[in-house]
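Participant: One structure, as structure tokens, below. Some questions next.
Below is the structure:
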């Protein structure tokens, strides 16, 4: 007798009913637990307990790994000439430290205050930062993740300039009041020695000299300090005697000062575009004044003033004329001139025009000693949006080829995709086609910023990041081993005709700005099929080829719209008129960039695409070549809506995409449209919602602007965070967080009559303002507007859904699955997810043999299967009966333009199931579906809901991906409230939930994506990609993967100055700063002046170094190397001194013997 399980019967009843229960969401946003209804897992009757889930919470931990791209809003620059590493400070308080490729470190001040200045402790593995909150920080760079050792916060004075002499432990700090303080770098304590402004200037001077804008010690004598004040006063201060040796005055404000290496002259740059050269022997006036870019007057008058020279550097060469390099100083009469860097070498003047304003620049020299010939070899120029290095050793001053990925933002990033553990042959193939398009004319020398050390580490699987941009370009990046290098760049706009000025929008563009912006991307790495959806409602399918072709581009036009009946008149008492879209969204026009309205007069636009495809043959270089362009067209004066979902399958030869209106399926092999249908028509007679009639009303098309493109399948209103309400009607849960989109006047469906499409009981419906086009709707959060956005039922006796009738297609997925309950084997399917949480399965009837694929039609038909979730559907996945992720079917790549035209190359090789799948794939499988509110796992073909997890009640998901980790599979989710979560599969057990990343900007929501092996990324600023990991294993190994910023390098020896120079060249060698600035002589500084704050860098440094497997050994080895170097230097010096002493003794003895017996008159 078969054992009867009463619990399973009850669980089966629970599973059969729509699940709207299971734990309310907490305030943190990671709502309640999972519901685990029992029942059998699929037709085979396999209990769910048989699937062994290997992932536990111990496998997960979140930490940031590396940040790529150009530092956002840079403010400061510093270079260590011995270690050869570069530091860049930003307005947001960040510091990026760059060395050789792979050595790239990101640090952040907790205060977030802008970095004013950076100073390396040269060859000491430390960095001083001065911030806008008047704090100084000492960073320890002898660890892979730098940390602050000390901080000093000034309370009464504002920091304006800092200077740290080479091989000194005393930092000079100038302030806004004109005073100069001295800080001990080792203890970070203020010295009692202060140079007050009123002591520095002459007593007869009645005005304040202004803030300190420059500090530097004389190259000739370290005991003399040059102080530059803003108003043009220069003071040469004797630190020993505590008085001014000389003072110089100029009637123009000073911006910077630079020494000649001999210490007898210095140069100043001024606000009138002039350079003054001063001699210490005659400080009454400059002995040379020039305005390099000033027009020379005919009557001998002073040249006209120019723009300020913000910085000047004066570098000497042993075998040629000195270099004078400065930024700014251009003439005012040329307002359109670009920012420039001027290089004066002898009589030659070279002006290098830049694409962006210059923030700062540094000249790289062969020696770190300021009193030697500098021998400059390069100039690092920090621009607002770029970093370039100019080669000074060649007369034409070429720039170095930059090895860093700092051009991510060349055009604003609009969407991203991340692929880990992809086929290993892709990276060299993409690099090969991308290398052919590299620019020429770079310097032939190696990149000069080559400090630090980096090795490949244990992580060896290939990773690729794809970025879509506002100008229509797409970039492929090699992201393996936490580095980033550009592989290949393609321009999707090349397939379209350029819009000529003055055509008056003849092409019916729906977005005025950036009409080619990439909105969504879909890539199949195995088949190398790539698909792009653009903001102007088009889809382009690309194939990869190693051969250049010249061919015409195939294109299709698709009508995709909504249909409403024109005879419906709403009842005024129950259906108030729908307010105009512009009144509901008062500030949307300013937020979303450009808007277009359809003009009443003139011809109505119909069947017109937004862009014009090139009709002539187009040359396509090796790489990705356009195979098919699909464009949505205007319908009855209504513009096409932007695409909200996209999927491609190379094995089926199909591409599917949807928007607010409906779904289109295209056969890109036969270049035919298979399906173009409104969302409601996909249900057939199975529509679970009784849509209520409303009168049609035209609405405006809202195009997304350049920087706020909505690339997500769901609407991204911030309103959702404030609207946790949900209505339960007829057993289905609906939420206002998944608003439907409006656009067209009528639904259109290929070859189906209107009578057949609309059933006898199907009421017409009204349309509302598109939510998928409103990625920012912060002003629209009032209850009144929220209520107005829903249609109301006419009769209380009719149970209806309180919701708009139109549904956006938000997710698409091709897979081999069970389309119906009674199916005994898997078949080709397209899973369709909507903004109302509905899942519709479409059956795909493909030709039986590959030979017939090009000729026989493909049939697409609704299967009648409909599943429901709460919130807009985000993602699908399929697991086999063992719980292993089933790979989507794909075609193995073959070159479409290969020279070998044999039958073997033409025949398609299809992989229908992943090798890991079991042979009895046809028994049953698990479908994983995640919406913005909950996740469900269904057993197929029985369609039993096995597991449900309500992820959040008070917020909504922005991104969800089914990923592999440690040879297992899980669901990774990113919530709008900042939570990153992972759930086990198939049981949906919470494994990780950390409030990690607040969505402070729509950019994060638009670009966040997960991938396999515990990796994720998002755009942290308009110019930077932040990568992070949610894998405990990768967090543990991160120390070994990061580069070393500090490597033991011997400081170059100073040149021999010679006996006479040492004797008469100043008393710098005898200057003892410790004796002068120490507490014993100078006393203690006032406690109220500055506050010392100990940092955690020491403890963190030890922990960080110990985190790696060889951390302790590495530190011990570095310490031994340094100690050995110092002992070796000491031995060499001792031996040299002994040899000198012996030689001196020998010569003295010889002299004594020579003159021993001579009388005084014989000398």
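Numbering (the numbering used here), first residue to last: 121 to 1283.
Virtual Cβ for every residue (Gly too), placed ideally from N, Cα, C.
Using the Cα positions of residue 532 and residue 505, report the straight-line distance between them to the nearest angstrom.
Facilitator: What you label residue 532 is simply residue 412 of the chain shown in a count that begins at 1. What you label residue 505 is simply residue 385 of the chain shown in a count that begins at 1. Roughly 12 Å between the two C-alpha positions.
Participant: Mark residue 264 as exposed unless 16 or more other C-beta atoms lie within 10 angstroms of its C-beta, in which case mark it buried.
Facilitator: Residue mapping note: residue 264 aligns to position 144 of the chain shown, counting from 1. Buried, because 16 or more other Cβ atoms sit within 10 Å of the Cβ of residue 264.
Participant: Quick check on this structure: which residue in 453, 430, 279 and 460 has the alpha carbon closest to the alpha carbon of residue 473?
Facilitator: Here residue 473 corresponds to residue number 353 of the chain shown, with the count starting at 1. The shortest Cα separation from residue 473 among 453, 430, 279 and 460 belongs to 460.
Participant: Whole angstroms is fine: what's the gap from residue 981's alpha carbon to residue 998's?
Facilitator: Sequence index remark: in the chain shown, residue 981 carries index 861 (1-based). Sequence index remark: in the chain shown, residue 998 carries index 878 (1-based). Roughly 21 Å between the two C-alpha positions.
Participant: Please state whether DSSP places residue 552 in a helix, a strand or coil.
Facilitator: Indexing the chain shown from 1 puts residue 552 at position 432. Three-state result, residue 552: helix.
Participant: Residue range of the alpha helix (DSSP H) that residue 1166 falls in?
Facilitator: In the chain shown, the residue the question calls residue 1166 occupies position 1046. Premise fails: residue 1166 is in no alpha helix (DSSP H) and is neither H nor E.
Participant: What are the uninterrupted segments assigned as beta strand (DSSP E) that are 3 or more residues long and contained completely in the segment 943 to 983, given in chain order?
Facilitator: 947 to 954 and 958 to 965
Participant: Would residue 947 and residue 963 be called neighbours here (beta carbons separated by less than 9 Å)?
Facilitator: On the chain shown, residue 947 is found 827 positions in, with the first residue counted as 1. On the chain shown, residue 963 is found 843 positions in, with the first residue counted as 1. For the 9 Å CB-CB criterion, residue 947 and residue 963 form a contact.
Participant: Can you tell me where the alpha helix (DSSP H) holding residue 801 begins and where it ends?
Facilitator: For the purposes of this step, residue 801 is identified with residue 681 of the chain shown, where counting begins at 1. Looking at the DSSP string, the run of the alpha helix (DSSP H) that includes residue 801 is 799 to 803.
Participant: Output the boundary residues of the alpha helix (DSSP H) element that contains residue 1122.
Facilitator: Residue numbering aside, residue 1122 sits at position 1002 when the chain shown is read from its first letter. Segment 1122 to 1127, the alpha helix (DSSP H) holding residue 1122.
Participant: Tell me whether residue 359 sits in a helix, a strand or coil according to DSSP, three-state version.
Facilitator: Translated into the one-based positions of the chain shown, residue 359 becomes position 239. The answer is coil: DSSP assigns residue 359 none of H, G, I, E or B.
Participant: By DSSP, does residue 1260 sit in helix, in strand, or in coil?
Facilitator: Mapped onto the chain shown, residue 1260 falls at position 1140. Look at residue 1260 here: in three-state DSSP terms it is helix.
Participant: For residue 1098, collect the residues of the same chain with a Cβ closer than 7 Å to its Cβ; drop the 5 residues on either side in sequence, then sort them by chain order.
Facilitator: Along the chain shown, one-based indexing puts residue 1098 at 978. Excluding residues within five positions, the ones whose Cβ falls inside 7 Å are 1115, 1116, 1117, 1118 and 1119.
Participant: My output table needs one value for residue 413: the three-state DSSP class, helix, strand or coil.
Facilitator: Taking the first residue of the chain shown as position 1, residue 413 is located at position 293. Coil, per DSSP.
Participant: Nearest by alpha-carbon distance to residue 800: which of 610, 984 and 933 is it?
Facilitator: Your numbering for residue 800 matches position 680 in the chain shown. When only C-alpha atoms are compared, the closest one is 984.
Participant: Candidates 514, 972, 934 and 495: which alpha carbon is nearest residue 562's?
Facilitator: As a position in the chain shown, residue 562 is number 442, starting the count at 1. Distances from the alpha-carbon of residue 562 to those of 514, 972, 934 and 495 put 514 closest.
Participant: Is the segment 1197 to 1216 close to the segment 315 to 322, with three or more CB pairs under 8 Å?
Facilitator: These segments do not touch.
Participant: Distance check for residue 262 and residue 310, CA to CA, integer angstroms please.
Facilitator: The residue given as residue 310 occupies position 190 in the chain shown. The residue given as residue 262 occupies position 142 in the chain shown. Their Cα atoms are separated by approximately 24 Å.
Participant: The beta strand (DSSP E) that contains residue 739, what's its start and end?
Facilitator: Numbered from its first residue, the chain shown carries residue 739 at position 619. Its beta strand (DSSP E) spans residues 738 to 740.
Participant: Which residues in the same chain as residue 194 place their Cβ atom closer than 6 Å to its Cβ, once the five residues preceding and following it in sequence are excluded?
Facilitator: As a first step, residue 194 is located in the chain shown; it is residue number 74 there, counting from the start. These residues qualify, in order along the chain: 208, 210, 479 and 502.
Participant: To the nearest angstrom, report how far apart residue 1274 and residue 1255 are at their CA atoms.
Facilitator: On the chain shown, residue 1274 is found 1154 positions in, with the first residue counted as 1. On the chain shown, residue 1255 is found 1135 positions in, with the first residue counted as 1. Between the C-alpha atoms of residue 1274 and residue 1255 there is a straight-line separation of about 29 Å.
Participant: In whole angstroms, what separates the C-alpha of residue 213 from that of residue 269?
Facilitator: As a first step, residue 213 must be located in the chain shown, where it is residue number 93. As a first step, residue 269 must be located in the chain shown, where it is residue number 149. Each residue's Cα considered, the two are about 17 Å apart.
Participant: Kindly list the residues whose CB is nearer than 6 Å to the CB of residue 582, restricted to its own chain and excluding five residues on each side of it in sequence; keep chain order.
Facilitator: Position 462 of the chain shown, counted from the start, is the residue given in the question as residue 582. 542, 544, 547 and 600, listed in sequence order.
Participant: Output the distance between the C-alpha atoms of residue 1050 and residue 995, rounded to the nearest integer angstrom.
Facilitator: Taking the chain shown and counting its residues from 1, the one referred to as residue 1050 is at position 930. Taking the chain shown and counting its residues from 1, the one referred to as residue 995 is at position 875. When rounded, the distance between both Cα atoms is 5 Å.
Participant: Does the distance from the C-beta atom of residue 219 to that of residue 569 stay below 9 Å?
Facilitator: Working through the chain shown from its first residue, we reach residue 219 at position 99. Working through the chain shown from its first residue, we reach residue 569 at position 449. Yes. Within cutoff.
Participant: Name the two residues that bound the continuous alpha helix (DSSP H) containing residue 317.
Facilitator: One-based indexing of the chain shown puts residue 317 at position 197. From DSSP, the alpha helix (DSSP H) with residue 317 extends over 317 to 320.
Participant: How close, in whole Å, do the beta carbons of residue 339 and residue 382 come, if the pair is a contact with beta carbons under 8 Å?
Facilitator: Within the chain shown, the letter at position 219 stands for residue 339. Within the chain shown, the letter at position 262 stands for residue 382. The Cβ separation is near 7 Å, so the contact holds.
Participant: Suppose you measure from the CA of residue 990 to the CA of residue 1065; what does that come to, to the nearest Å?
Facilitator: The residue you call residue 990 lines up with position 870 of the chain shown. The residue you call residue 1065 lines up with position 945 of the chain shown. Cα to Cα, the separation comes out at about 14 Å.
Participant: Please identify the residue among 673, 1268, 791 and 1071 whose C-alpha is closest to the C-alpha of residue 614.
Facilitator: Here residue 614 is taken as the residue at index 494 of the chain shown, counted from 1. Comparing Cα positions, the closest option is 673.
Participant: Excluding the five sequence neighbours on either side, which residues of its own chain have a C-beta within less than 8 Å of the C-beta of residue 772, listed in chain order?
Facilitator: Here residue 772 refers to the residue found at position 652 of the chain shown. If we look at residue 772 and ignore the five residues flanking it on each side, its Cβ neighbours are 934, 948, 964, 966, 978 and 1009.
Participant: Going by DSSP, name the residue or residues bridged to residue 479.
Facilitator: For the purposes of this step, residue 479 is taken as the residue at position 359 of the chain shown. Looking at the DSSP assignment, residue 479 forms no beta bridge with any residue, so it has no partner.
Participant: Is the beta carbon of residue 427 less than 9 Å from the beta carbon of residue 395?
Facilitator: As a working note, residue 427 is residue 307 in the chain shown. As a working note, residue 395 is residue 275 in the chain shown. Against a cut-off of 9 Å, the Cβ pair of residue 395 and residue 427 comes out as no contact.
Participant: So which of 1136, 1257, 393 and 1159 has the shortest CA-CA distance to residue 180?
Facilitator: Numbered from its first residue, the chain shown carries residue 180 at position 60. Nearest option by C-alpha distance: 1136.
Participant: Leaving out the 5 sequence neighbours to the left and right, which residues in its chain are closer than 7 Å to residue 185 when beta-carbon positions are compared?
Facilitator: As a position in the chain shown, residue 185 is number 65, starting the count at 1. So the qualifying residues of the chain are 602, 1147, 1148, 1149 and 1158.
Participant: Would you list, in sequence order, the uninterrupted beta strand (DSSP E) runs of no fewer than 3 residues that lie entirely inside the segment 253 to 305?
Facilitator: If we require 3 residues or more, the beta strand (DSSP E) runs fully inside the segment 253 to 305 come out as 255 to 260, 267 to 274, 279 to 283, 290 to 295 and 300 to 304.
Participant: Would you list the residues sitting across from residue 172 in a DSSP beta bridge?
Facilitator: In the chain shown, counting from the first residue as 1, residue 172 sits at position 52. According to DSSP, residue 172 bridges with nothing at all.
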